[in-house]
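Residue numbers (the numbering used here): 53 to 388. Ideal Cβ placement from N, Cα and C applies to all residues, glycine included. It should be emphasised that the depicted structure is a prediction, and the values quoted were computed from it without experimental measurement. Presented below is the structure to which this report refers.
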Amino acid sequence: MRAAAERYGPPVNVVGTAGHVDHGKSALVKALTGVDPDRLAAEKQRGMTIELGFAEWRLRSGRQVGIVDVPGHQRLVRTMVAGAHAIDLVLLAVAADSGVMPQTREHLEICGLLGVGSAVVALTRLDLVDEEMVAVAADEVRELLAPTPLRDAPIVGTSTVSGAGLAELDAAVDMLLARLPPHSDLGRPRLFVDRVFSMPGFGPVVTGTLEGGGLRTGAEVTMLPDGTRARIRGLQQFGGTVESAPPGGRTAVNLAGVERDRLRRGLALALPQSLRCTRRLDVELHCVSGSPVPIRHGTELHLHLGTTETTARVWLLESAELAPGQTGFAQLGLGA
Numbered sequence: 053m054r055a056a057a058e059r060y061g062p063p064v065n066v067v068g069t070a071g072h073v074d075h076g077k078s079a080l081v082k083a084l085t086g087v088d089p090d091r092l093a094a095e096k097q098r099g100m101t102i103e104l105g106f107a108e109w110r111l112r113s114g115r116q117v118g119i120v121d122v123p124g125h126q127r128l129v130r131t132m133v134a135g136a137h138a139i140d141l142v143l144l145a146v147a148a149d150s151g152v153m154p155q156t157r158e159h160l161e162i163c164g165l166l167g168v169g170s171a172v173v174a175l176t177r178l179d180l181v182d183e184e185m186v187a188v189a190a191d192e193v194r195e196l197l198a199p200t201p202l203r204d205a206p207i208v209g210t211s212t213v214s215g216a217g218l219a220e221l222d223a224a225v226d227m228l229l230a231r232l233p234p235h236s237d238l239g240r241p242r243l244f245v246d247r248v249f250s251m252p253g254f255g256p257v258v259t260g261t262l263e264g265g266g267l268r269t270g271a272e273v274t275m276l277p278d279g280t281r282a283r284i285r286g287l288q289q290f291g292g293t294v295e296s297a298p299p300g301g302r303t304a305v306n307l308a309g310v311e312r313d314r315l316r317r318g319l320a321l322a323l324p325q326s327l328r329c330t331r332r333l334d335v336e337l338h339c340v341s342g343s344p345v346p347i348r349h350g351t352e353l354h355l356h357l358g359t360t361e362t363t364a365r366v367w368l369l370e371s372a373e374l375a376p377g378q379t380g381f382a383q384l385g386l387g388a
């Protein structure tokens, strides 16, 4: 097994935003990349992100990064999880004039469950507050992060109006990404589909974050769990056409031999026979400390996996229930 960087060139990474609604995540992405991640007319009218947004970010060092911008509203948590499932670093936005809010905490817990080990905190709207309020907000963030693996995350004050702090934010993200090992190529690529569209003259395109291995133009692929077969007609990363795409990056896959209406968010693109579908999962299950109720044996839950959501029946293997803050082994029966 060789690391992807050895086979495909420089490593690629994905950064995901997180944070409470109206704390400036999308404005920050636009200021950093020049791309407005809010694509829908309804998002622009409401001034609120309701769908996943995407942008390409070339850091000042030359490092290329894909950004996934997620909604911050409490009713759109499932969409947030779909966008955050494979990120390397979370860019946590906290408005300096508001401080830590409910979805700040919820998004941070989700990133912890997903195993995201790197973070940079952007204190946004710096231009609206004085130095004392900035200090108070920064202390609140440090208190929030203290019991988590992200306790040492850099905190950078920013303003998308004046541009203050954007260079420092760029440098902080670059420093942390440089410490990450390249994504290993395990020979079992999978791409959980988060967006589907058609291009005139080219046909259907699916996008997602490529994990577990690389893809090459001309390869046959299958869409799981449906089993639909297709062929890779073309690949793109960072807006450019490539013959091969390494794991770890945002990837667009142009497919041949499949109709657009057979594709949807939640499907997983993989090589034929490389992955098997199952209806049972053996897991280590954690009940978050903020849960209002324990997880009881036989409970039906919603399971988020990749970019899909399904129901799952929980069969606890060590106890009758998991209290908030507890962890234990369990089996999940999917599609309960």
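Query raised in the report: Can you check whether the CB of E192 is closer than 9 Å to the CB of V208?
Result: The answer is no: Cβ separation not under 9 Å.
**Report entry** For R365 and A372, the rounded distance between their alpha carbons
**Finding:** A372 and R365: Cα-Cα distance of roughly 14 Å.
Report task. Work out the CA separation of C163 and W109 for me, nearest whole Å. Result -> When only Cα atoms are considered, W109 and C163 end up about 21 Å apart.
Query raised in the report: Looking at the structure shown, is V73 part of a helix, part of a strand, or coil, going by DSSP?
Result: If DSSP states are grouped into helix, strand and coil, V73 belongs with coil.
Requested in this report: Kindly list the residues whose CB is nearer than 7 Å to the CB of V310, restricted to its own chain and excluding five residues on each side of it in sequence; keep chain order.
Outcome: Taken in chain order, the residues that qualify are P256, T280, A282.
Requested in this report: Reducing DSSP to helix, strand and coil, say where G135 ends up.
Outcome: Looking at G135 - three-state DSSP - the assignment turns out to be helix.
Requested in this report: May I ask whether a heavy atom of the ligand MG can be found less than 8 Å away from the beta carbon of G217?
Outcome: This structure does not include the ligand MG; it has no bound ligands of any sort.
Requested in this report: Pick out the complete alpha helix (DSSP H) segments inside the region 179–221, 4 residues or longer, and give them in chain order.
Outcome: Counting whole runs of 4 or more residues, the region 179–221 contains the alpha helix (DSSP H) stretches 183–197.
Query raised in the report: How would you label Q289, buried or exposed, when you count the other beta carbons within 10 angstroms and need 16 or more for buried?
Result: Buried, since its Cβ has 16 or more Cβ neighbours within 10 Å.
Requested in this report: Closer than 7 Å by C-beta to G291: which residues in its own chain qualify, once you throw out the five before and the five after it? Chain order, please.
Outcome: These residues qualify, in order along the chain: E108.
Report task. Starting from the C-beta of A271, find all residues in its chain whose C-beta is less than 8 Å away, skip the five residues before and the five after it, and write them out in chain order. Result -> Within its own chain, the residues whose Cβ lies closer than 8 Å to the Cβ of A271, once the five positions on either side in sequence are excluded, are R283, I284, L323, listed in chain order.
Query raised in the report: How would you label D204, buried or exposed, when you count the other beta carbons within 10 angstroms and need 16 or more for buried?
Result: Looking at its Cβ environment, which holds fewer than 16 other Cβ atoms inside 10 Å, D204 is exposed.
Query raised in the report: Do you know offhand how far T200's Cα is from R157's?
Result: So the two alpha carbons sit approximately 11 Å from each other.
Query - Local conformation of L353 per DSSP, three classes - result: Looking at L353 - three-state DSSP - the assignment turns out to be strand.
Requested in this report: Indicate the three-state DSSP secondary structure (helix, strand or coil) for V117 in the structure shown.
Outcome: Here V117 sits in strand by DSSP.
Query raised in the report: Nearest to L80 by alpha carbon, out of T176, L197, G385?
Result: With distances taken between Cα atoms, L80 lies closest to T176.
**Report entry** Where P256 falls: helix, strand or coil (DSSP)
**Finding:** Three-state DSSP puts P256 in a strand.
Query raised in the report: If you pair each beta-carbon of the region 343–350 with each one of the region 369–388, do three or more pairs fall below 8 Å?
Result: Enough Cβ pairs lie closer than 8 Å, so yes.
Query raised in the report: By Cβ distance, which residues of its chain are closer than 7 Å to D149, with the 5 residues on each side in sequence left out?
Result: Result list for D149: R177, L180, V181, M185, in chain order.
Query raised in the report: Taking the beta strand (DSSP E) that L386 falls in, what are its first and last residues?
Result: Counting along the chain, the beta strand (DSSP E) containing L386 begins and ends at 379–386.
Requested in this report: Can you say whether R130 is buried or exposed, counting buried as having 16 or more other CB atoms within 10 angstroms of its CB?
Outcome: R130 is exposed by the Cβ-count criterion.
Query raised in the report: In the structure shown, what three-state DSSP assignment does E58 receive?
Result: Residue placement at E58 is poorly supported in this model, since its pLDDT is 48, which falls under 50; the coordinates are not used for a value here.
Query raised in the report: If we count Cβ pairs, one from each stretch, closer than 8 Å, do we get three or more for the region 241–255 versus the region 313–329?
Result: Contact between the region 241–255 and the region 313–329 is established, with three or more Cβ pairs separated by less than 8 Å.
Requested in this report: From the DSSP output, in three-state form, read off T156 for me.
Outcome: Note: T156 maps to helix in three-state DSSP.
Report task. Might you give, ordered along the chain, the residues of its own chain that have their beta carbon closer than 8 Å to the beta carbon of A304, omitting 5 neighbours on each side? Result -> Contacts found: V257, V258, T259, L287, Q288, Q289.
**Report entry** For V142, the three-state DSSP class (helix, strand or coil)
**Finding:** Three-state DSSP puts V142 in a strand.
Query - L327 versus L197: straight-line alpha-carbon distance, rounded - result: Inter-residue distance for L327 and L197 is about 37 Å (C-alpha atoms, whole angstroms).
Report task. Alpha carbon to alpha carbon, how far is G301 from D88? Give it in angstroms, no decimals. Result -> The C-alpha of D88 lies about 20 Å from the C-alpha of G301.
Query raised in the report: Just the Cα atoms here: how many angstroms apart are A147 and Q325?
Result: Going by the C-alpha atoms only, they are around 47 Å apart.
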